[in-house]
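Notes follow the structure.
Residue numbers (my numbering): 600 to 1021.
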């Protein structure tokens, strides 16, 4: 019996994927579990295995096709078996039955682009929350064009905000009053220069652009920064480096120390570990700590789940494993989603300080700079000490400046007294 090869749903929010390539050719013999094709989600490239053993037939997908979840893109057949709807192979020729061709896989923009896709409902009525309807009426957004991420396609306020932000990024405006009338999107002519290449904005890069534009347009960011004396942290790392490496097989990094410190401090500052949904602030019990990681062509955020319950050794183990699999693109989608607070460390690139954009729907992101020798007033006068800049960006709708300052001050105290982390 023919086995359908479909696009799998690799995480709870996935609706479609971009086809990358076949790893087998039509007519090849494949075994169950063999790598069969690669699909690109909004988080990573996923290698999909063959669901059965047999002969691969009727490949319907080609590179760059955007394919809905569960759509059939090929079949795996028994030797001599015909494709569904076609006659069985036989020694004597027989007239071929007329077969309705399979529906083509279209190369089209994903639904998240906000292109004329009904939000769902009964008899054409759009399912939406009152807050979403109020905002849509205020900014002039047609709810039938908005992709809803709620139950059964229900449109929430943040779906309307995202749709309006996407239109602003594309230089389009809602039919009536624009979301940001003070920030028009003029058509700026391109420079008169020779083009080296034109690269489509697609896949993870496109999702990053959409989400960060959404964050920048909708979340009023405020940023605070301070310097941390890392003298004690450096001594602490030197003392425990070898024992931890013997136990875990991983080197203790400053990122692991900082992540452990954040996880220990954050429970006392709950609104920094929260999300805004419609007119509610959701304060999370668990700390799912995202560690922003730069790959060759895009950014991903591996997640340490329930970080508040992890000790330093566990941080070293988990961080080493996640980052290694991130670099080799072997992370599961569930390991790159669901963070409640993010750390972004660019110190290894020589960056001393920077401001990061909040990763929605989180309330805050911590930017970590390079440790540099700086003159500091000490007991014996001015002396050089290893100093590190920390900058936190918070969503001012959830977090006041004073609350962010208290978190940053406590984090500084913890890092300057790192033995508290044991």
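The C-beta atom is built at its ideal place from N, Cα and C for all residues, glycine as well.
A contact is defined here as three or more CB-CB pairs under 8 Å, and the stretch 814 to 825 meets this definition with respect to the stretch 994 to 1014. Within the same chain, Cβ atoms closer than 6 Å to the Cβ of residue 1014 are found at 827, 832, 860, the five residues on either side in sequence being excluded. Of all alpha-carbon atoms in 929, 971, 803, 812, the one lying nearest the alpha-carbon of residue 646 is that of 929. Put simply, the backbone Cα of residue 818 is about 10 Å away from that of residue 811. Taking a 10 Å sphere around the C-beta of residue 791, we find fewer than 16 other C-beta atoms and assign the residue as exposed. Per the Cβ contact rule, the stretch 856 to 874 is in contact with the stretch 988 to 1005 (3 or more Cβ pairs under 8 Å). Counting other Cβ atoms within 10 Å of its Cβ, residue 615 reaches 16 or more and is therefore classed as buried. Sixteen is the threshold: when 16 or more other Cβ atoms of the shown chains lie within 10 Å of the Cβ of residue 653, as they do, the residue is buried. As the crow flies, the alpha-carbon of residue 890 is around 21 Å from that of residue 881.
Going by DSSP, residue 846 is part of no beta strand (DSSP E) but of the alpha helix (DSSP H) stretching over 830 to 847.
A residue is called buried when at least 16 other Cβ atoms come within 10 angstroms of its Cβ; residue 848 does not meet this threshold and is exposed. Nearest to residue 667 by C-alpha distance, out of 789, 617, 1003, 803, is 617. Less than 8 Å separates the beta-carbon of residue 888 from that of residue 862. Secondary structure at residue 757: helix, using DSSP grouped into helix, strand and coil. When DSSP states are grouped into helix, strand and coil, residue 994 belongs to the strand group.
For residue 875, the pairing in a beta bridge is given by DSSP as 880.
For residue 927, the closest alpha carbon among the candidates 952, 937, 901 is that of 901. If you draw a 10 Å sphere on the C-beta of residue 949, you find fewer than 16 other C-beta atoms in it, and that means exposed. With a cutoff of 8 Å on beta-carbon distance, residue 673 and residue 657 are scored as near each other. In the structure shown, residue 887 falls within a coil segment according to DSSP collapsed to helix, strand and coil. Excluding five sequence positions before and after residue 627, the CB atoms of its chain that fall closer than 6 Å to its own CB belong to 655, given in chain order. Annotation: the continuous alpha helix (DSSP H) that includes residue 805 extends over 802 to 817. If you look at residue 912, you'll find it isn't in any beta strand (DSSP E); it sits in the alpha helix (DSSP H) that goes 911 to 926.
Pairwise C-beta distances place the stretch 939 to 953 in contact with the stretch 962 to 970, as three or more of them are shorter than 8 Å. DSSP places residue 1019 outside any alpha helix (DSSP H), giving it a letter other than H or E. Excluding the 5 residues flanking it on each side, residue 919 has same chain C-beta neighbours closer than 6 Å at 849, in chain order.
Excluding its 5 nearest sequence neighbours in each direction, residue 957 has C-beta neighbours in its own chain below 7 Å: 814, 818, 820, 963, 964, 992, 994, listed in chain order. Take residue 650, set aside five residues on each side of it, and the residues of its chain with a beta-carbon closer than 6 Å to its own are 602, in chain order. Per DSSP, residue 606 lies in no beta strand (DSSP E) and is assigned neither H nor E. With contacts defined as CB atoms closer than 8 Å, residue 1017 and residue 835 qualify as a contacting pair. Look at residue 787 here: in three-state DSSP terms it is coil, with no helix or strand label.
The DSSP-derived three-state label of residue 868 is coil. Residue 969 carries a strand assignment under DSSP once its states are collapsed to helix, strand and coil.
In the DSSP annotation of this structure, the continuous segment of the beta strand (DSSP E) that includes residue 940 starts and ends at 940 to 944.
Sequence-distant Cβ neighbours of residue 669 in its own chain, meaning closer than 6 Å and more than five residues away, are 605. Going by DSSP, residue 615 is part of the beta strand (DSSP E) stretching over 615 to 621.
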